[in-house]
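Protein sequences appear in the order of chains A and B.
Under my numbering, residues 1 to 324 are what the first sequence spells out, in order.
Under my numbering, residues 1001 to 1325 are what the second sequence spells out, in order.
Each residue gets a CB set at the ideal place from its N, CA and C atoms; glycine is no exception.
Here is the structure we will look at.
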Amino acid sequence: MRSTTYVKAINAALAEAMRADPDVVVIGEDVAEGGPYTATAGLAEEFGVERVLNTPISESAVCGVAVGAAQSGLRPVVEIMFIDFITLALDQLVNQAAKAHFMSGGQLRVPLVLRTQGGAGQRGAAQHSQSLESWLTHIPGLKVVMPSRAVDAGGLLASAIADPNPVVFIENKALYFTREDVPDDREPIPIGRAHTLRAGDDVTIVALSRMAGEALAASERLAQEGIEAEVIDPRTLVPLDLEAIVESVRRTNRLVVAHEAVEHGGFGAEVAAAVQAAAFDDLDAQIERVGAPFTPIPLSPPLEDAWLPGSADVCAAARATLGR
Amino acid sequence: MAETGTALGGDEALRLLRTMWRIRLFEERVGRLKRADEVHGLIHLSVGQEAVAAGVCGRLRADDPVYSGHRAHGHAIAKGAPLERVLAELMGRSDGLCRGLGGSMHLVDVEHGLMGATGVVGGNVPLALGSALAARAAGSDRVAVVFFGDGAVQAGHWGESVNLAALWELPLVLVCENNGFAEFTPRSAHTKVERVSDVVAPYGLTRETVDGNDVVAVRESFGGFLAAAREGRGPMLLECLTHRLRGHYEGDPALYREALSKAEWQEKDPILRLQRHGAEAGWFGEADVAAAERDAAEAVEEAVRFARESPFPPEQLLAELTYAS
């Protein structure tokens, strides 16, 4: 085992993919300088600015360039610095990247990774803190990956780069610098497989990205109350490992779905609907969702802290499924 | 094929004429098929704009990537896509270029270098940049070409793309078909800048505005740009002033403009112009001209027969082609 961080795992996975395949290129604003969180630090020095391409602040064109390059033999990893700015690139992502393989009758492929990051808690206010993953899960043709740990971030990024489809890889800025022990050998982690972070028999908690850590913290608290929670990180939202979630719910008979995104219209609704359709008879309680309130994200620190879903919300939801 | 400003020879002139007739008669036939509900979806015809497609694509190699917009049939045909597979695609049939899943606005024929048309105005201009980037990264002298109308120029992604293409000096030729109308409204209602070639001036792009109904002029100017782009001196912009004879889409009553008189159109018609020019220059004779039209008509009817016989695609294609494996 060795100690690393989430952002270092991403950086290492990028470097490794670029060493292994000369067609892998990194494109984005300030990527040659390493970006604001050092995710691409050192890449330009090792691979040159021909493969680590700084761009103007032109999210739409930059994303489109990556789509065209991907259709023409390269494997671009394009960075949108904050997921809040993905709005500017959505036409390229949704209308071009996601549909090219289908609309061309299978002639075109778009082996593209779009890396971006979201998440609140750092006083970024309403335009630098959002969690917008549910929009992207609504688009057939896109894969959506959202790791919660360094080991998954590195392993899933390797798989995303190798994938023949456009993959949106959503990181969380609050996770970047937390230390974590990871195995010495970096292994790709297949897209579409959930990971059980903690075993338990009383309630299943499906938690995305930063909320996975919050769910683990909640499970420690719940254990003190005699509630053993099973915590599952789906790691990828599209395709979703529904089987792993349903298998757990059949044992625990209770489900909480937790994400930082606004609860209304969030991915938790999809998980809840899918689970009740697959395992209605196994459920002993209404499915509980944890998500942010339906408001923009405030700057003011006490207000943002109140807005941000955390382990206490997960505890309350888990208790509710048990009637406590 | 010479790329610089060589004089047009008889064989090449006849090839251009034959391409334009194929586009013209294909488009007119598609218009009739649309009224009979045999082709589906929004259909945008390029009748009147054939010289741009023929003059540009006639210069390209199969491996030069071409992108187009919603008015793409002519570009596909000029780039070498088989008529019958283009038509089968418009009819939503299995033997269509895209197995019937794309349709008129989303034609793709990778074998012939047609990398994609799009229904989003100007939406794949940045894709052409990406293709040019990939060509350069591969050490190839391929040149990417993207066709768009004057309506695309006011879109944000278009401006971003011009800046980026210039900044990265990409092997790319931007070809604007300026037919004066962005959908239903004239260019003057969209912008103060009359000439698209003036829009790119501050970026230092090599640029030119030509008579887009003169296939000889289009071929000549584009050829010069292509040769320079092959040598790494891209990007360039060629603005072709042309005329959309029909409405924005089939079924558009086009009440927003006055139709040209027959005499006016005969003066402008790119096919008639090449026929007049070719006869004067001795490039081809009357028999060649008649054969060009007749062969095109036969090829179009053969395409109709082929497409009508092609089955509709099976439903399992939807799940099969949503993701690549």
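In its own chain, which residues sit with a C-beta less than 8 Å from the C-beta of residue i, not counting the 5 before and 5 after it?
| i | result |
| --- | --- |
| R123/A | L299, P301, E304 |
| F1312/B | G1092, R1093, S1094, G1100 |
| D1252/B | F1184, R1246 |
| L108/A | Q71, A100, H101 |
| A272/A | L255, V257, I287, R289 |
Use the C-beta contact count for residue i: other C-beta atoms within 10 angstroms, 16 or more gives buried, fewer gives exposed.
| i | result |
| --- | --- |
| T1019/B | buried |
| L1014/B | buried |
| A258/A | buried |
| A39/A | buried |
| M1/A | exposed |
| H1106/B | buried |
| F177/A | exposed |
| A20/A | exposed |
| I10/A | buried |
| D1063/B | exposed |
| L114/A | buried |
| L1272/B | exposed |
| Q1266/B | exposed |
| L941/B | Here chain B comprises residues numbered 1001 to 1325, so residue 941/B is not present and cannot be evaluated. |
| D313/A | buried |
| L1025/B | buried |
| F47/A | buried |
Taking C-beta pairs closer than 8 Å, name the residues in chain A that residue i reaches, listed in chain order.
| i | result |
| --- | --- |
| R967/B | Limits of chain B in this structure are 1001 at one end and 1325 at the other, which puts residue 967/B out of reach. |
| A1138/B | G73 |
| S1131/B | G68, A69, Q71, S72 |
Which chain A residues are close to residue i, counting only those with a beta carbon under 7 Å from its beta carbon?
| i | result |
| --- | --- |
| A1166/B | None at all; the shortest Cβ gap to chain A is about 11 Å. |
| H1106/B | M103 |
| G1156/B | S60 |
| G1092/B | What G1092/B touches in chain A: nothing, since even the nearest Cβ is about 11 Å away. |
| E1160/B | S58, S60, A61 |
| G1234/B | Within chain A, no residue comes near G1234/B; the closest Cβ sits about 14 Å away, beyond 7 Å. |
| G1102/B | M103, S104, G105 |
In chain order, what residues of the same chain lie with their CB nearer than 7 Å to the CB of residue i, ignoring the 5 residues before and after it?
| i | result |
| --- | --- |
| G1204/B | A1166 |
| Q92/A | S60, C63, G64, V67 |
| P1314/B | none |
| A318/A | V203, I205, A218, L222, I227, A229, V256 |
| A274/A | L242 |
| G310/A | E214 |
Which same chain residues end up closer than 6 Å to residue i when comparing Cβ atoms and leaving out the 5 residues on each side of it in sequence?
| i | result |
| --- | --- |
| M1001/B | In this prediction, M1001/B has a pLDDT of 42, which is less than 50 and means its spatial position is unreliable; what the coordinates show is noted afterwards. Hits under 6 Å: none found. |
| L337/A | With chain A represented from 1 up to 324, any question about residue 337/A goes unanswered, as that position is not in the structure. |
Please list the partners that residue i has in chain B, where partner means a Cβ-to-Cβ separation under 9 Å.
| i | result |
| --- | --- |
| R109/A | A1324 |
| A20/A | Those do not exist, as A20/A stays about 16 Å from chain B at its closest Cβ, beyond 9 Å. |
Can you pull the chain A neighbours of residue i, defined as C-beta to C-beta under 9 Å?
| i | result |
| --- | --- |
| N1163/B | P56, S58, A61 |
| P1065/B | G68, Q71, S72 |
| G1009/B | What G1009/B touches in chain A: nothing, since even the nearest Cβ is about 33 Å away. |
| A1135/B | S72, G73 |
Alpha carbons only, please: which of the options is nearest the one belonging to residue i?
| i | options | result |
| --- | --- | --- |
| E1038/B | R1308/B, L1321/B, P1314/B | R1308/B |
| T196/A | R221/A, E187/A, S248/A, I161/A | S248/A |
| V1153/B | G1122/B, A1128/B, A1228/B | G1122/B |
| A97/A | P111/A, E270/A, T87/A, Q107/A | P111/A |
| D1211/B | V1193/B, H1243/B, A1292/B | H1243/B |
| P239/A | V65/A, I139/A, A126/A | I139/A |
| G1102/B | H1112/B, G1119/B, H1248/B, V1056/B | G1119/B |
| P36/A | E46/A, A89/A, K173/A, V25/A | K173/A |
| E1258/B | F1148/B, G1180/B, I1043/B, P1171/B | G1180/B |
| A261/A | V52/A, T137/A, K8/A, V26/A | T137/A |
| R1071/B | R1305/B, L1090/B, L1016/B | L1090/B |
| I27/A | R210/A, E79/A, I86/A | E79/A |
Closer than 7 Å by beta-carbon distance: list the chain B residues that pair up with residue i, in chain order.
| i | result |
| --- | --- |
| D84/A | Within chain B, no residue comes near D84/A; the closest Cβ sits about 17 Å away, beyond 7 Å. |
| V52/A | In chain order: nothing, as chain B lies at least about 13 Å away. |
| N95/A | V1120, G1123 |
| A17/A | Under the 7 Å cutoff, chain B gives no residues; its nearest Cβ is about 16 Å from A17/A. |
So residue i contacts chain B; which residues on that side make the cut at Cβ distance below 8 Å?
| i | result |
| --- | --- |
| P140/A | T1322 |
| G333/A | Residue 333/A is absent from the model: chain A starts at 1 and stops at 324. |
| D91/A | V1120, G1123, H1157 |
Given 8 Å as the limit, tell me if residue i has its C-beta closer than that to any heavy atom belonging to the ligand GTP.
| i | result |
| --- | --- |
| G1285/B | What this structure holds is no ligand at all, so the ligand GTP is not there to describe. |
Of all the residues that make up the region 1109 to 1129 of chain B, which are near chain A by a beta-carbon distance shorter than 9 Å? D1109, V1110, E1111, M1115, G1116, T1118, G1119, V1120, G1123, N1124, V1125, P1126, L1127, A1128, L1129
If you measure beta-carbon to beta-carbon, which residues of the region 1038 to 1055 of chain B are closer than 8 Å to chain A? none
With 7 Å as the limit, tell me which residues of the region 1310 to 1323 of chain B have their beta carbon closer than that to any beta carbon of chain A; keep them in chain order. Cβ contacts with chain A: L1321, T1322, Y1323.
Closer than 9 Å between beta carbons: that is the criterion. Which residues of the region 1199 to 1229 of chain B meet it against chain A? none
Could you name the residues of the region 25 to 37 of chain A whose beta carbon sits closer than 8 Å to any beta carbon of chain B, in the order they occur along the chain? Within the region 25 to 37 of chain A, those residues whose Cβ lies closer than 8 Å to any Cβ of chain B are, in chain order, V25.
With 9 Å as the C-beta to C-beta threshold (strictly closer), list the residues of the region 144 to 168 of chain A near chain B in chain order. D163, P164, N165
Return the residues of the region 168 to 198 of chain A that lie within a Cβ-Cβ distance of less than 8 Å from chain B, sorted by chain order. none
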